[in-house]
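*Asks:*
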Amino acid sequence: MIRRFSKPISPSAKREERIFYLFILPWLIGLVVFSVGPVFGMLGLSFTDWRISLDDLQFIGLDNYSKLFADPIFWTSVGNTLYIVVGRVVFGVSFALLLAVLLNQRVPGIAFFRAVYYLPTVTAGVAVALVWIWIFNPRLGILNYTLKQIGIQGPDWIFSKTWVKPSLIIMSMFSVGPIMIILLAGLQGVPKELYESAEIDGAGRWAKFRNVTLPMLSPVLFFVIIISVVSSFQNFTEIRVMTEGGPGESSNVLIWYLWENAFIFLQLGIAAAVAWIMFVILMVLTGIQFRVGRRWVYYEVDS
Amino acid sequence: MSTKKLSRRDFLKLTAATSTGAALAGLGPLSSIAAAQDQVELTFGRHWEAAFRPRQAEYDEGFMERHPDIKVSITYNTWADHNNVVPAWAAAGTLPDVIYVHGSRATPWAHEGIIIDIHDIVTSDEEFNVDGMWEESVRLYRVDGRIHALPYDHGPIILGYNKDMFDAAGMDYPSEDWTMEDMAAAAIELTDLDAGVWGWDGGLDLGNGGGGFFTGAWGGVHMNEDETAMTMDTPEVRAALNHWYKLIHEDGAGASGTEREAFPNSQPFRAGVAAMGHIATWSTPSMRALANFEWDVAPTPMGADGSRYTGAFGSGYGITPTSDKPDVAWRYLREYLSLEGMIFMWSLSGRGSPARPEGLEAWLNSDPAPPSGRYFLEAMFDYAVTGPPFQSLAAAQVSTILSREADLLRLGETSVDEAIATITEEGNAALDEVADM
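In the order they appear, the protein sequences are chains A and B.
When you read off a place in the first sequence, starting at 1, and then add 135, the result is the number in the working numbering.
When you read off a place in the second sequence, starting at 1, and then add 481, the result is the number in the working numbering.
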């Protein structure tokens, strides 16, 4: 910034700057009015006894937060959220990477397979969830039917307190289309000469993957992990359609807990507090990822 | 269901045929239809399954013919979403003039200003016979003694059975002197797991209507009279829940929660693979449409001491505070919820037992009503009690807790003692939270 002001700016550059701001103005207005504004509006409302009407709101300080921290179901939902987020990110990104590597091969019909794996992404979330309800059906579902054919008695999946979270994670692995596409693009951007050099040095497949592919793909992986964490916090559709937080509270995640407080219990002030807690958790997790990312993410420009 | 449009003439004919002079007087405005003026739009937010929307459209066409100054516009929500959509409408200030109000929501919605106090409008309208409504149904909408909405239906939960399965087993149908023990014994006898059939459909409901059916025969009560405390930690409720838990999970005579999931709407009874299930008046249309077997109903089985008890519940309509024309909204509701309106909308269509006892006979003759539908009426008049929670501001929280624990009991994921302890602890905490509100 200092350097910028130390140099005189030409009139054409100033004009270009004005045009730049003019072009981004609609987006900027949208961002402030529909995103940033409501986020901070929620912060204010989280300190009130807001139920439905915005008239006669009472400032109650940190009461909503105290209530939340004293509610065991809130902590259950935090635990469930972290469980599902870790599962979705670890298994989802790994599976997406595996798919991307496979779909990066030059084999006949590869376009078909790429389309097939992307298909769940372009299908309505509710429809996908309904299909998975049947897949997970303990008596009639194809999953337990298949397991039975190989002599395994399948679990009750989403109808079991133990299995509901793993079920949701398994389901999420089949909706990795977007991150698979990003990773595939990343893979295709890895220079071929690096693999050739590695081969000359005697590197095998695993060594090439570990020492060439992964480092070159690390910025893309870093981005994919961040968006996966964020989207995993927002997995509302599956919960709403498939489990409604159950059985018991075993799939009650923060986004469901928020919705339940807002639209079933009419405790919108508490829901606003939950929204802000989610926001803070996401900010902290993203901050940690950026900090840790410095150790493993390789940017070519650095060198 | 009749597809004939309810014209003004039909409406008046129906009135003449079914109502008393007082009720007839309630339709005073019909005889003085105002000349067409500038139309006002009356907005109506409700849930109503697709099968009955033509009936609603038919009613509204007739209403608009009788009142050319009013145009009725309906927004349909799904049953699953309506109770969540309405608070969103309220928060956004976009509530329609009239809304569907499930009995369990009247108190919290009245408290939050989602529906207005219509007590004076209702009671000062001499032509509207509110006393002709079943008091148990109006009770749902009295908040601090004042009417905030009006019911359209109210029904009890009784026993439904598959006649074909009883015939095939050579067993007598459920009788009027059956006890819960008789029912369980018959369920065990009718169960043939190799054939994939159960005696009991595995239902176990602790909510508004069902709660009374599943615990009342043992003398169990879920909440105290004024709904300030849970009262489920008693030997009576424990005995009741143990009865159902044993029937499902130990005797294997009832479909478990996971087994029920294999059938549409989790209803093995309706799917024809369970000999008995609990049934409400509002469920008979779907039974009539989807059950591919002969079925009928019997009284709720008695307790060991010979007492009979079941739950009942219903729904209604309220006027919202954002309506700038509550007078027009009332003109609509006073006809819609009159005896004639109820007979047209609910009795003749068989959609549900109307909240006016005088309309029940017509419901009995409707296509969806079962042959022994009179047992529903007996329950309503003799032993059904409107089930809690509906008077507490924490009704939604308590209902959520009850539903969750019933779900776990059906799945076999909790024990009866654990469920009772959780309901008592969490339910009382939720009730304490709203004690001062």
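Where a beta carbon is used, it is the ideal one built from N, C-alpha and C, also for glycine.
Tell whether a beta-carbon distance below 7 Å holds between residue 683 (chain B) and residue 613 (chain B).
*Replies:* Here residue 683 (chain B) refers to the residue found at position 202 of the second sequence. Here residue 613 (chain B) refers to the residue found at position 132 of the second sequence. In this structure, residue 613 (chain B) does not lie closer than 7 Å to residue 683 (chain B) by Cβ.
*Asks:* Which word fits residue 411 (chain A), buried or exposed, when buried means at least 16 other C-beta atoms lie within 10 angstroms of its C-beta?
*Replies:* As a working note, residue 411 (chain A) is residue 276 in the first sequence. Burial call: buried.
*Asks:* Leaving out five residues before and five after residue 802 (chain B) in sequence, what residues of the same chain have Cβ atoms less than 7 Å from its Cβ?
*Replies:* Sequence index remark: in the second sequence, residue 802 (chain B) carries index 321 (1-based). Taken in chain order, the residues that qualify are 594, 597.
*Asks:* Once the 5 residues before and after residue 887 (chain B) are set aside, which same chain residues still bring their CB inside 7 Å of it?
*Replies:* Sequence index remark: in the second sequence, residue 887 (chain B) carries index 406 (1-based). 685, 686, 687, listed in sequence order.
*Asks:* Enumerated in chain order, which unbroken segments of the alpha helix (DSSP H) with a length of 4 residues or greater are wholly contained in the region 828–885 of chain B?
*Replies:* Within the region 828–885 of chain B, the complete alpha helix (DSSP H) runs of at least 4 residues are 841–845, 855–859.
*Asks:* Can you tell me whether residue 783 (chain B) is buried or exposed? The criterion is at least 16 other CB atoms within 10 Å of its CB, across all chains shown.
*Replies:* By 1-based counting over the second sequence, the position of residue 783 (chain B) is 302. So residue 783 (chain B) counts as buried.
*Asks:* Determine the burial state of residue 300 (chain A): buried for a count of at least 16 other Cβ atoms within 10 Å of its Cβ, exposed for fewer.
*Replies:* Position 165 of the first sequence, counted from the start, is the residue given in the question as residue 300 (chain A). When all chains shown are included, residue 300 (chain A) counts as buried.
*Asks:* Quick one: is residue 315 (chain A) buried, meaning 16 or more other Cβ sit within 10 Å of its Cβ, or exposed?
*Replies:* As a working mapping, residue 315 (chain A) is identified with position 180 in the first sequence. It is buried - the Cβ of residue 315 (chain A) has at least 16 other Cβ atoms within 10 Å.
*Asks:* For a test of the three-state rule: what should DSSP assign to residue 299 (chain A), helix, strand or coil?
*Replies:* Taking the first sequence and counting its residues from 1, the one referred to as residue 299 (chain A) is at position 164. Helix, per DSSP.
*Asks:* By the DSSP assignment, the beta strand (DSSP E) with residue 523 (chain B) in it spans what residues?
*Replies:* Translated into positions along the second sequence, residue 523 (chain B) becomes position 42. Run containing residue 523 (chain B): 521–528, per the beta strand (DSSP E) assignment.
*Asks:* By the 7 Å beta-carbon criterion, what residues does the region 163–190 of chain A contribute toward chain B?
*Replies:* Going along the region 163–190 of chain A in chain order, one finds 186, 187, 188 with a Cβ nearer than 7 Å to chain B.
*Asks:* Which same chain residues, not among the five before or five after residue 739 (chain B), have their C-beta less than 8 Å away from its C-beta?
*Replies:* In the second sequence, the residue the question calls residue 739 (chain B) occupies position 258. So the qualifying residues of the chain are 892.
*Asks:* Within 10 angstroms of its Cβ, does residue 364 (chain A) collect 16 or more other Cβ (buried), or is it exposed?
*Replies:* Taking the first residue of the first sequence as position 1, residue 364 (chain A) is located at position 229. Classification of residue 364 (chain A): buried, given that the 10 Å Cβ count is 16 or more.
*Asks:* Taking Cβ positions only, does residue 404 (chain A) come closer than 7 Å to chain B?
*Replies:* Stepping through the first sequence from its first residue, residue 404 (chain A) is reached at position 269. Not closer than 7 Å to any Cβ of chain B, the Cβ of residue 404 (chain A) fails to qualify, so no.
*Asks:* In three-state DSSP terms, what is residue 280 (chain A)?
*Replies:* To locate residue 280 (chain A), count along the first sequence from 1; it is residue 145. Of the three classes helix, strand and coil, the one that applies to residue 280 (chain A) here is helix, per DSSP.
*Asks:* Please report how far the alpha carbon of residue 353 (chain A) lies from the alpha carbon of residue 329 (chain A), in whole angstroms.
*Replies:* For the purposes of this step, residue 353 (chain A) is identified with residue 218 of the first sequence, where counting begins at 1. For the purposes of this step, residue 329 (chain A) is identified with residue 194 of the first sequence, where counting begins at 1. The straight-line gap from Cα to Cα measures roughly 15 Å.
*Asks:* Just to make sure I have the definition right: I need the residues of chain B whose C-beta is within less than 7 Å of the C-beta of residue 272 (chain A). Which are they?
*Replies:* Counting from 1 along the first sequence, the entry for residue 272 (chain A) is found at position 137. By Cβ distance, chain B contributes 742, 743.
*Asks:* Where does residue 343 (chain A) sit, in a helix, a strand or coil, going by DSSP?
*Replies:* The residue given as residue 343 (chain A) occupies position 208 in the first sequence. Note: residue 343 (chain A) maps to helix in three-state DSSP.
*Asks:* Run down chain A in chain order and give the residues with a C-beta less than 9 Å from the C-beta of residue 565 (chain B).
*Replies:* Working through the second sequence from its first residue, we reach residue 565 (chain B) at position 84. Under the 9 Å cutoff, chain A gives 394, 397, 398, 399.
*Asks:* Run the CB neighbour count on residue 176 (chain A), radius 10 Å, all protein chains shown included, and call it buried at 16 or more, exposed below.
*Replies:* For the purposes of this step, residue 176 (chain A) is taken as the residue at position 41 of the first sequence. So residue 176 (chain A) counts as exposed.
*Asks:* In angstroms, rounded to a whole number, what distance separates the CA positions of residue 355 (chain A) and residue 318 (chain A)?
*Replies:* Numbered from its first residue, the first sequence carries residue 355 (chain A) at position 220. Numbered from its first residue, the first sequence carries residue 318 (chain A) at position 183. Going by the C-alpha atoms only, they are around 7 Å apart.
*Asks:* Rounding to the nearest angstrom, what Cα-Cα distance links residue 720 (chain B) and residue 726 (chain B) in this structure?
*Replies:* Your numbering for residue 720 (chain B) matches position 239 in the second sequence. Your numbering for residue 726 (chain B) matches position 245 in the second sequence. Computed Cα separation, rounded: 10 Å.
*Asks:* In the structure shown, what three-state DSSP assignment does residue 643 (chain B) receive?
*Replies:* Taking the second sequence and counting its residues from 1, one reaches residue 643 (chain B) at position 162. It is a strand residue.
*Asks:* Flag this pair as yes or no: are the beta carbons of residue 615 (chain B) and residue 838 (chain B) separated by less than 7 Å?
*Replies:* Here residue 615 (chain B) refers to the residue found at position 134 of the second sequence. Here residue 838 (chain B) refers to the residue found at position 357 of the second sequence. Yes. Within cutoff.
*Asks:* Pull up the distance between the alpha-carbon of residue 208 (chain A) and that of residue 396 (chain A), whole angstroms please.
*Replies:* Within the first sequence, the letter at position 73 stands for residue 208 (chain A). Within the first sequence, the letter at position 261 stands for residue 396 (chain A). About 12 Å.
*Asks:* Between residue 300 (chain A) and chain B, is the shortest Cβ-Cβ distance under 7 Å, so that the two count as touching?
*Replies:* The count along the first sequence starts at 1 and reaches residue 300 (chain A) at position 165. Chain B, which has no Cβ nearer than 7 Å to the Cβ of residue 300 (chain A), makes this no.
*Asks:* What does residue 296 (chain A) touch in chain B if you count any residue whose Cβ is under 7 Å from its own?
*Replies:* Working through the first sequence from its first residue, we reach residue 296 (chain A) at position 161. Result: 894.
*Asks:* For residue 878 (chain B), go through chain A and note every residue whose CB falls closer than 7 Å to its CB, in chain order.
*Replies:* Along the second sequence, one-based indexing puts residue 878 (chain B) at 397. Those within 7 Å of residue 878 (chain B) in chain A are 400.
*Asks:* Given 8 Å as the limit, is there contact between the region 209–229 of chain A and the region 280–298 of chain A, that is, 3 or more CB pairs closer than that?
*Replies:* Result no; under three Cβ-Cβ pairs closer than 8 Å.
*Asks:* Cβ closer than 7 Å: which chain A residues qualify as neighbours of residue 888 (chain B)?
*Replies:* For the purposes of this step, residue 888 (chain B) is identified with residue 407 of the second sequence, where counting begins at 1. Result: 381, 382.
*Asks:* At what residue ranges does the region 761–828 of chain B contain a whole run of the alpha helix (DSSP H), taking only runs of 4 or more?
*Replies:* 765–771, 807–817, 820–823, all fully within the region 761–828 of chain B.
*Asks:* Would you mind telling me which residues of chain A sit closer than 7 Å to residue 762 (chain B), beta carbon to beta carbon, in chain order?
*Replies:* Taking the first residue of the second sequence as 1, we reach residue 762 (chain B) at position 281. The contacting residues do not exist; residue 762 (chain B) stays about 26 Å from chain A at best.
*Asks:* Taking Cβ-Cβ distances shorter than 9 Å, what residues in chain C pair up with residue 905 (chain B)?
*Replies:* The structure shown contains no chain C; its protein chains are A and B.
*Asks:* Taking the DSSP output, what are the residues bridged to residue 673 (chain B)?
*Replies:* For the purposes of this step, residue 673 (chain B) is taken as the residue at position 192 of the second sequence. DSSP lists B:678 as partners of residue 673 (chain B).
*Asks:* Just the C-alpha distance for residue 455 (chain A) and residue 723 (chain B), rounded to the nearest angstrom, thanks.
*Replies:* Outside the modelled stretch of chain A, which goes from 136 to 438, sits residue 455 (chain A), for which no answer is possible.
*Asks:* Under the criterion of a Cβ to heavy atom distance below 6 Å, does residue 309 (chain A) qualify as lining the ligand FAD?
*Replies:* For the ligand FAD, the structure offers nothing, since it holds no ligand at all.
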